[in-house]
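These protein sequences, in sequence, are chains A and B. With our numbering applied, the first sequence covers 58 to 266. With our numbering applied, the second sequence covers 217 to 407. The beta-carbon is built from N, C-alpha and C at its ideal position, and this holds for glycine as well. Here is the structure we will look at, set down as structure tokens.
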Amino acid sequence: MQKKYSLAVRSAKKRGRAFVSGIFSQNPVLIGGAGLYMVLSGSTSLTSSWFLFVLVVALTVPVCVLCWLAGRKIAVWLRLPFAFLLTAALYLPLYAHMRQLYPQSMQELGLCGVLVAADSLILMRAFAPEKRPLSMVLIEALGGAVGFAVVLFAVSGIWNILEGVEKATAGAFRHARIAVGLIIVALLAALWQYGTNRRKRKKRREILR
Amino acid sequence: MIPLEQMLLMVLAAITVESVFFSRGMGFYEILQGAGRGRNISAYSLFLTLFSIGSGFLSRWIAEVTELDQKLWLLLLAAGSVLLCYLVVCLVLVILFPSMYRKVGWCIGPAAINTTVFSMPFLAEQQQWGNWQMLGFAIGTGLAFWLLSWIMAEQLPRLRHISMPAAFQGMPAAFLFLGILALGFLGFGGI
Numbered sequence: 058m059q060k061k062y063s064l065a066v067r068s069a070k071k072r073g074r075a076f077v078s079g080i081f082s083q084n085p086v087l088i089g090g091a092g093l094y095m096v097l098s099g100s101t102s103l104t105s106s107w108f109l110f111v112l113v114v115a116l117t118v119p120v121c122v123l124c125w126l127a128g129r130k131i132a133v134w135l136r137l138p139f140a141f142l143l144t145a146a147l148y149l150p151l152y153a154h155m156r157q158l159y160p161q162s163m164q165e166l167g168l169c170g171v172l173v174a175a176d177s178l179i180l181m182r183a184f185a186p187e188k189r190p191l192s193m194v195l196i197e198a199l200g201g202a203v204g205f206a207v208v209l210f211a212v213s214g215i216w217n218i219l220e221g222v223e224k225a226t227a228g229a230f231r232h233a234r235i236a237v238g239l240i241i242v243a244l245l246a247a248l249w250q251y252g253t254n255r256r257k258r259k260k261r262r263e264i265l266r
Numbered sequence: 217m218i219p220l221e222q223m224l225l226m227v228l229a230a231i232t233v234e235s236v237f238f239s240r241g242m243g244f245y246e247i248l249q250g251a252g253r254g255r256n257i258s259a260y261s262l263f264l265t266l267f268s269i270g271s272g273f274l275s276r277w278i279a280e281v282t283e284l285d286q287k288l289w290l291l292l293l294a295a296g297s298v299l300l301c302y303l304v305v306c307l308v309l310v311i312l313f314p315s316m317y318r319k320v321g322w323c324i325g326p327a328a329i330n331t332t333v334f335s336m337p338f339l340a341e342q343q344q345w346g347n348w349q350m351l352g353f354a355i356g357t358g359l360a361f362w363l364l365s366w367i368m369a370e371q372l373p374r375l376r377h378i379s380m381p382a383a384f385q386g387m388p389a390a391f392l393f394l395g396i397l398a399l400g401f402l403g404f405g406g407i
């Protein structure tokens, strides 16, 4: 009984670590630039960021589950198109439903709202490289989606501050939306890397002691 | 304006002032991935151009033949066109040029299924482009992709160099570099 309990705790810890690593150490935006288009174009306001996050989560979960079920039954060269087809098929009813509920906000998202269906953030998660338990795949995908949301909301928040400054600078930042967005993401990535390096150094020192 | 002139102007616009990368922020993931692998950037760009042309023209043609309301069905048409192009290219390469498929197979999927290619029918519909303009924009986007991937492939080893501050080494420096490039490209827009 004792052994079973410790195994459950260990497995819960492992899952927790996988979720947290999706947010910090394996953040898809800061590590590889996945979902950068949504961060740069969709971070116009906190509301649009929220809707993008909802779309990403609502697509990632079923796509991951269905691709996991399909698994190795699908040839390697057909996996990416299969995931894309699934995402596009799931996107249509989701978008229609959300447009009915929040027409104004979905209108604001524009092209960015539609191109979620082909975004690397969702498609790269579709097929795990090796066979892993579904719960683990889902937790990793959710961690990645939350990691993406952290960057998205941070950029959106910084844009909110910049828009306040913009009134005094005749809209200089808004004209260079992508360039400024990339510089903000770069600074966030540097901050994240600084934190990671510091943590690694601390761990190394503890081991040496 | 004669069609060829229209097309060349769109090629120029797609590389400079209307670049999907720097004016809309699309495709940076693919650029970084392609540059990171440091091989066959030309093949990757060529496939991206082919798929952009294919998705744009096929979705327009299917909408015309089936008399569908393009605005309503554009998402499905675009997805279907991209997938059809991907399947055709894969089958042609596997059957006719298997050795070539072994060499460039890694980039066909990522080149076909990405926001840059998927956006082509939407941009054409939004901007009301004619066929020549759409062709020019797709070619220009492919050229811009090749240029950016080549610049990034050259720069990435430098951006990972030990002399860089540790916090900026690698990806943060790459983002910063792209941001400065984007600022430079703004100059084409007259800012």
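**Report entry** For residue 296/B, the three-state DSSP class (helix, strand or coil)
**Finding:** In the structure shown, residue 296/B sits in a helix (DSSP, three-state: H, G or I).
Query raised in the report: Counting only beta-carbon atoms, is residue 260/B nearer than 9 Å to chain A?
Result: Answer no: the Cβ-Cβ gap between residue 260/B and chain A never drops below 9 Å.
Query raised in the report: Should residue 110/A and residue 205/A be called a contact, given that it needs their Cβ atoms to be closer than 9 Å?
Result: Yes, the pair counts as a contact, with Cβ atoms nearer than the cut-off.
Query - Within-9 Å CB hit, residue 344/B to chain A - result: No, its Cβ sits nowhere closer than 9 Å to a Cβ of chain A.
Query raised in the report: So, does the CB of residue 256/B fall closer than 9 Å to a CB anywhere in chain A?
Result: Taking a beta-carbon distance threshold of 9 Å, residue 256/B does not count as an interface residue toward chain A.
Query raised in the report: DSSP three-state call for residue 260/B: helix, strand or coil?
Result: If DSSP states are grouped into helix, strand and coil, residue 260/B belongs with the helices.
Query raised in the report: residue 159/A by DSSP, collapsed to three states: which one?
Result: Three-state DSSP puts residue 159/A in coil, outside helix and strand.
Query raised in the report: Do you know how far the Cα of residue 113/A is from the Cα of residue 174/A?
Result: Approximately 9 Å between the Cα atoms of the pair.
Requested in this report: Using only alpha-carbon positions, find the residue among 166/A, 193/A, 258/A and 195/A that is nearest to residue 97/A.
Outcome: Nearest of 166/A, 193/A, 258/A and 195/A to residue 97/A, Cα basis: 166/A.
**Report entry** Reference residue 228/B, options 256/B, 304/B and 349/B, closest by Cα
**Finding:** Just measuring C-alpha positions, the residue of 256/B, 304/B and 349/B sitting nearest residue 228/B is 349/B.
Report task. Quick one: list the residues of chain A neighbouring residue 384/B, beta-carbon separation under 7 Å, in chain order. Result -> Within 7 Å Cβ-Cβ: 247.
Query raised in the report: Should residue 353/B and residue 369/B be called a contact, given that it needs their Cβ atoms to be closer than 9 Å?
Result: Residue 353/B is not a Cβ neighbour of residue 369/B, given a cutoff of 9 Å.
Requested in this report: Compile a chain-ordered list of the residues in the segment 127-146 of chain A whose CB is closer than 7 Å to at least one CB of chain B.
Outcome: Residues of the segment 127-146 of chain A that bring their beta carbon within less than 7 Å of a beta carbon in chain B comprise 134, 137, 138, 141, 142 and 145, in sequence order.
Query - Counted within 10 angstroms of its Cβ, other Cβ atoms place residue 313/B as buried (16 or more) or exposed - result: The residue is exposed, with fewer than 16 neighbouring Cβ atoms inside 10 Å.
Query raised in the report: Taking the Cβ atom as the reference point for each residue, do residue 243/A and residue 244/B lie within a distance shorter than 9 Å?
Result: No.
Requested in this report: Could you confirm whether any beta carbon from chain A is found closer than 9 Å to the beta carbon of residue 388/B?
Outcome: Cβ-Cβ to chain A under 9 Å: yes for residue 388/B.
Requested in this report: Could you tell me how far apart the beta carbons of residue 116/A and residue 151/A are, in whole angstroms, since I believe they sit closer than 8 Å?
Outcome: Contact between residue 116/A and residue 151/A holds: CB atoms are separated by about 7 Å, below the 8 Å threshold.
Query raised in the report: Can you round the beta-carbon distance between residue 295/B and residue 142/A to whole angstroms, since I take them to be within the 8 Å contact cut?
Result: Going by Cβ atoms, the distance from residue 295/B to residue 142/A rounds to 7 Å, so yes, they are a contact pair.
Requested in this report: Tell me, please, whether the CB atom of residue 221/B is closer than 9 Å to any CB atom in chain A?
Outcome: Under the 9 Å criterion on CB atoms, residue 221/B is classed as non-interfacial with respect to chain A.
Query raised in the report: Exposed or buried, residue 316/B, counting other C-beta atoms within 10 Å across all chains shown (16 or more means buried)?
Result: So residue 316/B counts as exposed.
Query raised in the report: So which residues of chain A does residue 244/B contact, with C-beta pairs closer than 9 Å?
Result: In chain order: 90, 93, 94, 97 and 239.
Query raised in the report: Do you know whose CA, among 387/B, 357/B and 239/B, lies nearest residue 374/B's CA?
Result: Nearest option by C-alpha distance: 387/B.
Query - Status (buried if at least 16 other CB within 10 Å, exposed otherwise) for residue 217/A - result: Burial call: exposed.
Query raised in the report: Hey, does residue 232/A have any beta-carbon neighbour from chain B nearer than 9 Å?
Result: Taking 9 Å as the CB threshold, residue 232/A lines the interface with chain B.
Query raised in the report: Are the CB atoms of residue 335/B and residue 236/B nearer to each other than 9 Å?
Result: Between residue 335/B and residue 236/B, the gap from beta carbon to beta carbon is short of 9 Å.
Query raised in the report: Closer than 9 Å, CB to CB, is residue 116/A near chain B or not?
Result: Chain B contact via Cβ: absent.
Report task. Quick one: list the residues of chain A neighbouring residue 410/B, beta-carbon separation under 8 Å, in chain order. Result -> In this structure chain B extends from 217 to 407, so residue 410/B is not present and cannot be described.
Requested in this report: Go ahead and pull the three-state DSSP assignment for residue 83/A.
Outcome: Looking at residue 83/A - three-state DSSP - the assignment turns out to be coil, as it is neither helix nor strand.
Query raised in the report: On the premise that residue 93/A lies in contact with residue 241/B, defined as a C-beta separation below 8 Å, what is that separation, rounded to the nearest angstrom?
Result: The pair is a contact, with the Cβ atoms about 7 Å apart (cut-off 8 Å).
Query raised in the report: What's the call for residue 106/A, buried or exposed, on a 16-neighbour Cβ count within 10 Å?
Result: Buried, since its Cβ has 16 or more Cβ neighbours within 10 Å.
Query raised in the report: Rounded to whole angstroms, how far is the Cβ of residue 332/B from the Cβ of residue 357/B, which I believe are closer than 8 Å?
Result: Yes, they are in contact, since the Cβ atoms of residue 332/B and residue 357/B sit about 6 Å apart, within 8 Å.
Query raised in the report: Closest to residue 360/B by CA distance: which of 221/B, 219/B and 238/B is it?
Result: Among 221/B, 219/B and 238/B, the Cα nearest to that of residue 360/B is on 238/B.
**Report entry** Residues in the segment 286-316 of chain B having any Cβ partner in chain A nearer than 9 Å
**Finding:** Taking 9 Å as the Cβ-Cβ cut-off against chain A, the residues of the segment 286-316 of chain B that qualify are 290, 291, 292, 294, 295, 296, 298, 299, 302, 303, 306 and 310.
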